[in-house]
Amino acid sequence: MPKISILTPCYNHEKYISAYLQSVLNQTFNDFELIIVDDYSSDQSVKEVEKFKDNRIKLIKHSYNKGINATLNTAFKNSSGDYIVFMASDDMFEVNALEKINQVFENNQNIDVVYPALKYINEDNQIFKNRKITNVSNEIDLIRDFFIIGNCLTSPGMSIKRKTYDKIYPLDNAFCNQQDTLMHIKLLLNKAKIFILDDYLVRYRVATTNASISAGMSSNIVRANLEMEILMQEFLKMNDLDLLEKIFAKEIQATSIKPYKETLKFFLGYMALQSGDEFKKYWGYHKIMEYYNIPSNVEILKEKYNFTFKDYVKLSSFCINGRLEKKFKKYKKRFIIACISSFIIFVILCGVIIYQNFIQ
1 MPKISILTPC YNHEKYISAY LQSVLNQTFN DFELIIVDDY SSDQSVKEVE KFKDNRIKLI
61 KHSYNKGINA TLNTAFKNSS GDYIVFMASD DMFEVNALEK INQVFENNQN IDVVYPALKY
121 INEDNQIFKN RKITNVSNEI DLIRDFFIIG NCLTSPGMSI KRKTYDKIYP LDNAFCNQQD
181 TLMHIKLLLN KAKIFILDDY LVRYRVATTN ASISAGMSSN IVRANLEMEI LMQEFLKMND
241 LDLLEKIFAK EIQATSIKPY KETLKFFLGY MALQSGDEFK KYWGYHKIME YYNIPSNVEI
301 LKEKYNFTFK DYVKLSSFCI NGRLEKKFKK YKKRFIIACI SSFIIFVILC GVIIYQNFIQ
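Position one of the sequence shown corresponds to residue 1 (the UniProt record's numbering), numbered consecutively onward.
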């Protein structure tokens, strides 16, 4: 069995997949298998893969389009390596990438997940940006950042021990835009130990032309927001009170709302209201609604937090949309100006009428 299995979903990457495959075959570390799953591409991606004759490459073709997570599930099911590496078919490895990743796992037996640094490349393979994961001190801070802020990790070149990945397999088929975020969250909640590499091991392709960027942007944003409600549900699995107090130490200090076993849904909902993300806030408000709808819980909230219906009604203020509020203020200002202008015109007209009557 190979030491490393590279899982590569492919969909319409005819233009880039040859360069990707060459970057895999050029690796200084050779004990690997490459599982490419083509998700029913409509271009010549499959033919490009078939040009490469290497017994370490395994090509699997879906009979219809199934989506990114279904493709990764197929790849994992057909893999056998001790370590799993995720790579898209339009990205590229640095020549020593697998060697470095293998070294981290072999030299740190307690590590479950490795995240390499990235070089961003455009459509012409030109590097235009470097990215390292910074300001990450421990897994507790990461969970808090994912809950309050959003995705703070990367997925290209992300590498996981097989036994760790088994805990979150299979991936959810329905996720399209937040699939990597959900994977990171599930790993962290399963107490995976992570390692942030400073080495730039992956060249991550990003669209830089206006046409490429704008294509599908609005639908991607909508999908990401629609997936947020289900994504946040994952955090309801947290029930370790000591851990929750560590994760949300800042928020607890600011709000005086602590977690109790009988108030976990309310607590997490209240913590979500502290987020700057309006969709996280909506989720939080909905969790509090669900909790408050049970009569016995109303008594619990009064006992634990002196929380009453008056406090419940005030929670909607957390969900005021800043953009809508700004737009409302703008139209309110216009309305006031229009009213003043109308009043001035009315006064002038009245003055004219009175004057005309007077001179007659």
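Glycine is no exception: its CB is placed at the ideal position from the N, C-alpha and C atoms.
- Tyrosine 11 and aspartate 39 have their alpha carbons spaced roughly 5 Å apart.
- Counting only the Cα atoms, lysine 237 lies some 27 Å from glutamine 109.
- Counting along the chain, tyrosine 169 sits inside no alpha helix (DSSP H), nor does DSSP assign it H or E at all.
- A direct Cα-Cα distance of roughly 18 Å separates threonine 308 from leucine 268.
- Shown here for aspartate 54: same chain residues with a beta carbon closer than 7 Å to its own, the five before and five after excluded, namely Leu25 in chain order.
- Shortest Cα-Cα distance from glutamate 290 to any of Arg205, Lys265, Met217 and Lys129 involves Lys265.
- Under a 10 Å Cβ-count criterion, glycine 276 is classified as exposed, with fewer than 16 other Cβ atoms of the shown protein chains found around its own Cβ.
- By the neighbour-count definition (other C-beta atoms within 10 Å, threshold 16), aspartate 112 is a buried residue.
- Around tyrosine 312, the same chain offers Tyr292 as residues with beta carbons nearer than 7 Å, after the five sequence neighbours per side are excluded.
- When C-beta atoms of the stretch 168–179 are compared with those of the stretch 140–150, fewer than three pairs fall below 8 Å, so the two segments do not count as touching.
- Taking a C-beta distance under 8 Å as the contact criterion, threonine 28 and glutamate 106 do not qualify as a contact pair.
- Contact between serine 89 and tyrosine 16 holds: their C-beta atoms lie close to 7 Å from each other, under 8 Å.
- If only uninterrupted beta strand (DSSP E) runs of at least 3 residues are considered, those enclosed by the UniProt domain "Glycosyltransferase 2-like" (5–141) are 32–38, 57–61, 83–86, 113–121 and 127–131.
- If only complete runs of 4 or more residues are kept, the stretch 277–316 shows the alpha helix (DSSP H) at 278–292, 295–305 and 309–314, in order along the chain.
- By the criterion of a C-beta distance shorter than 7 Å, glutamine 44 is surrounded in its chain by Glu14, once the five residues flanking it on both sides are discounted.
- Scanning its chain for C-beta atoms nearer than 7 Å, with the 5 sequence neighbours on each side dropped, one finds around serine 155 the residues Phe86 and Asp180, in chain order.
- Contact check between the stretch 188–205 and the stretch 117–132: three or more CB pairs, one atom from each, fall below 8 Å, which counts as touching.
- The C-beta separation of glutamate 48 from serine 23 comes to about 14 Å, leaving the pair out of contact by the 8 Å criterion.
- Burial check for glutamate 227: the Cβ neighbour count within 10 Å reaches 16 or more, so the residue is buried.
- Within the stretch 207–264, the runs of alpha helix (DSSP H) that reach at least 4 residues and sit entirely inside it are, in chain order, 210–214, 217–233, 241–247 and 249–255.
- The shortest CA-to-CA distance from valine 114 to any of Met217, Leu243, Ala192 and Ser316 is the one to Ala192.
- About 7 Å separates the beta carbon of threonine 208 from that of phenylalanine 128, a gap short enough to meet the 8 Å contact definition.
- From the listed residues Ser41, Asp82 and Lys246, the smallest Cα separation to glycine 67 is found for Ser41.
- Take the alpha-carbon of leucine 188 and the one of leucine 243: they are about 12 Å apart.
- Taking 8 Å as the cut-off, the Cβ atoms of proline 9 and leucine 59 do not count as close.
- Looking at the backbone, the Cα of glutamine 178 and that of isoleucine 149 are separated by about 14 Å.
- Counting C-beta atoms within 10 angstroms of its own C-beta, proline 295 has fewer than 16 neighbours from the protein chains shown and is therefore classed as exposed.
- Taking lysine 77 as reference, the option from Ile288, Met183 and Ile6 with the minimal CA-CA separation is Ile6.
- In the DSSP assignment, leucine 201 falls within the beta strand (DSSP E) that extends over 194–205.
- In the three-state scheme derived from DSSP, where H, G and I count as helix and E and B as strand, isoleucine 320 is classed as coil.
- Residues of the same chain with a CB within less than 7 Å of the CB of proline 2, apart from the 5 flanking positions on each side, are Asp31, Phe32, Glu33, Ser80 and Gly81 in chain order.
- Close CB contacts of aspartate 145 within its chain, under the 7 Å cut and outside five residues either way in sequence, are with Cys152 (chain order).
- In this structure, asparagine 102 sits near isoleucine 4, with a CB-CB distance shorter than 8 Å.
- Looking at the backbone, the Cα of glutamate 229 and that of tyrosine 270 are separated by about 15 Å.
- In this structure, the alpha-carbon of isoleucine 348 lies about 12 Å from that of isoleucine 340.
- Beta-bridge partners of isoleucine 160 (DSSP): Ile84 and Val113.
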